[in-house]
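Going by my numbering, 140 is the number at position 103 of the sequence shown; the sequence numbering is gapless.
Here a beta-carbon is modelled for each residue, glycine too, at the ideal position from N, C-alpha and C.
As the structure is a computational prediction, the values presented were derived from the model and not from experiment.
For reference, the structure discussed in these notes is given below.
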Amino acid sequence: MNKNYIQVILTVLSITVVSASFTPSSFGLQHQVKQGETLTGIAQKYNVSMKSIAQANKFRNNDYDHLRIGQKLTIPGVTNPPNAGGSIEGTVYTIEQGDSLYSIARKFNVEDWKQLQKANAITNPKHLQPGQQILIPNGVAIGFLEPLKVPLVVTSQYGYRHHPITRRYRLHEGIDFRASNGTRVYASKTGVVTYAARKSGYGKIVIIQHDDDYTTSYGHLSRIRVSKGDIVRQGQVIGLSGNTGFSTGPHLHFEVRYKGRSENPARHLNLQ
Ligand SMILES: [Zn+2]
């Protein structure tokens, strides 16, 4: 497959993943009203009812006939829009009590909350109102998700160390998380599986290539639940943790590499 094509697929998948992790009420996209458009026309274009658009945008009765050019409408329930010029696609999120742009960014794995501020033209991020809807636009940088849903306990950090079995002093190119045998392991980011088999000291390992020159690896698995060539979504189960390969006990060895060079996963998971 051509690389651009893969990137398109990955982008589409990341969006689906983001949408899928929230309740249906927060699905949707944003449509910017163009000259000559009516609510009826917009409703037909997206195949949703006028009533649901009116509710999502908290219309009063007289708003039905008074769309403004440039007005941004939330189109609820739409994740696969028609080729709608002028619309910004993304996920609509309804702000809850206690949310901040920072917490919302973390929830959606957006790397920088300022991207949300910019996309929604929010002048004062401290004045978010519960019930207010904001758009998480497609294409904002999606960060890495924790590969385990159990509380993360680091048993061995990234960095130089004496290998627990070989005793050789060398770079530990990943981070080890405590995980009892059979704990579900999740794809940290959407991507294509490039390796899913045994690999020397790693034991059973899954390697995922992401669309931004990053790869993530998940070693010492007891079970592998994906195959080479699979497209996996962020948060999808890819296997079960275990104790295969050179390992002194059940744990997950997790690596993040950029163009093949290992980086400290703790930095990408905001653990430090
Ligand atoms: Zn390790």
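Residue range of the alpha helix (DSSP H) that includes residue i
{"i": "Q154", "result": "150-156"}
{"i": "S89", "result": "87-93"}
{"i": "Q81", "result": "76-83"}
heavy atom of ligand 1 below 6 angstroms from residue i C-beta
{"i": "D136", "result": "no"}
{"i": "G211", "result": "yes"}
{"i": "H290", "result": "yes"}
CB contact below 7 angstroms: residue i versus chain D
{"i": "T220", "result": "Among the chains of the structure shown, chain D does not appear; only one protein chain is present."}
Nearest residue (CA-CA) to residue i, options the options
{"i": "K5", "options": "L185, V147, Q134", "result": "In this structure the chain extends from 38 to 309, so residue 5 is not present and cannot be described."}
{"i": "P184", "options": "I171, R204, I245, H199", "result": "I245"}
{"i": "T285", "options": "G180, K186, W150, P201", "result": "P201"}
{"i": "K310", "options": "K88, I261, A156, L110", "result": "Residue 310 falls outside the range modelled here, since the chain spans only 38 to 309, and no answer is possible."}
{"i": "L189", "options": "T160, V129, L308", "result": "L308"}
{"i": "I212", "options": "I173, K226, Y255", "result": "Y255"}
{"i": "H103", "options": "L76, F291, V293", "result": "L76"}
{"i": "V294", "options": "S217, P287, P302", "result": "According to the sequence shown, residue 294 is Arg rather than Val. Checking every option, the nearest Cα to that of R294 belongs to P302."}
{"i": "S299", "options": "R204, Y195, I171", "result": "Y195"}
{"i": "T231", "options": "D249, T253, R221, Q273", "result": "T253"}
{"i": "S225", "options": "A91, A234, D248, R235", "result": "D248"}
{"i": "F291", "options": "H257, V274, R270, F283", "result": "H257"}
{"i": "I171", "options": "V191, I132, K186", "result": "I132"}
{"i": "Q154", "options": "E210, L182, L165", "result": "L165"}
{"i": "F181", "options": "T227, V187, R105, N218", "result": "T227"}
{"i": "G107", "options": "I173, H68, V222", "result": "H68"}
{"i": "K241", "options": "H209, D100, R260", "result": "R260"}
{"i": "G95", "options": "S86, Q169, K82", "result": "At residue 95 the sequence reads Lys, which differs from the Gly that was named. When each option's Cα is compared against that of K95, the closest is Q169."}
{"i": "A216", "options": "R235, A158, P287", "result": "P287"}
{"i": "R198", "options": "E210, V191, V187", "result": "E210"}
{"i": "V222", "options": "V269, G238, R207, D149", "result": "V269"}
{"i": "H305", "options": "L277, Y251, V263", "result": "Y251"}
{"i": "L289", "options": "V243, G297, Q273", "result": "V243"}
{"i": "G272", "options": "F145, Y101, A91", "result": "F145"}
{"i": "S193", "options": "Y206, L208, F214, T203", "result": "F214"}
{"i": "Q73", "options": "R105, N98, L66, S89", "result": "The amino acid at residue 73 is misidentified as Gln; the sequence shows Gly. Per the Cα distances, R105."}
{"i": "N280", "options": "G238, S264, R97, N98", "result": "G238"}
{"i": "P167", "options": "T160, E148, V187, L138", "result": "L138"}
{"i": "T220", "options": "S264, G276, K236", "result": "G276"}
{"i": "K82", "options": "N161, Q92, D100, I112", "result": "I112"}
The beta strand (DSSP E) enclosing residue i, as first and last residue numbers
{"i": "K109", "result": "109-113"}
{"i": "R143", "result": "Here R143 belongs to no beta strand (DSSP E); instead the alpha helix (DSSP H) covers 138-144."}
{"i": "T203", "result": "Per DSSP, T203 belongs to no beta strand (DSSP E) and is neither H nor E."}
{"i": "S193", "result": "191-193"}
{"i": "G196", "result": "196-199"}
{"i": "I212", "result": "212-215"}
{"i": "H170", "result": "Here the sequence assigns Gln to residue 170, which means His is not the residue at that position. Run containing Q170: 170-174, per the beta strand (DSSP E) assignment."}
Any non-hydrogen atom of ligand 3 within 6 angstroms of residue i CB
{"i": "S278", "result": "Of the ligands this structure carries, namely ligand 1, none is ligand 3."}
- Item | 3-residue-minimum beta strand (DSSP E) runs that sit fully inside the stretch 220-264, ordered along the chain | For the stretch 220-264, whole beta strand (DSSP E) runs of length 3 or above, ordered along the chain, are 221-223, 228-236, 240-246, 251-261.
- Contiguous beta strand (DSSP E) assignments of at least 3 residues, all confined to the stretch 279-305: The DSSP assignment places complete beta strand (DSSP E) segments of no fewer than 3 residues inside the stretch 279-305 at 288-295, 298-300, in order along the chain.
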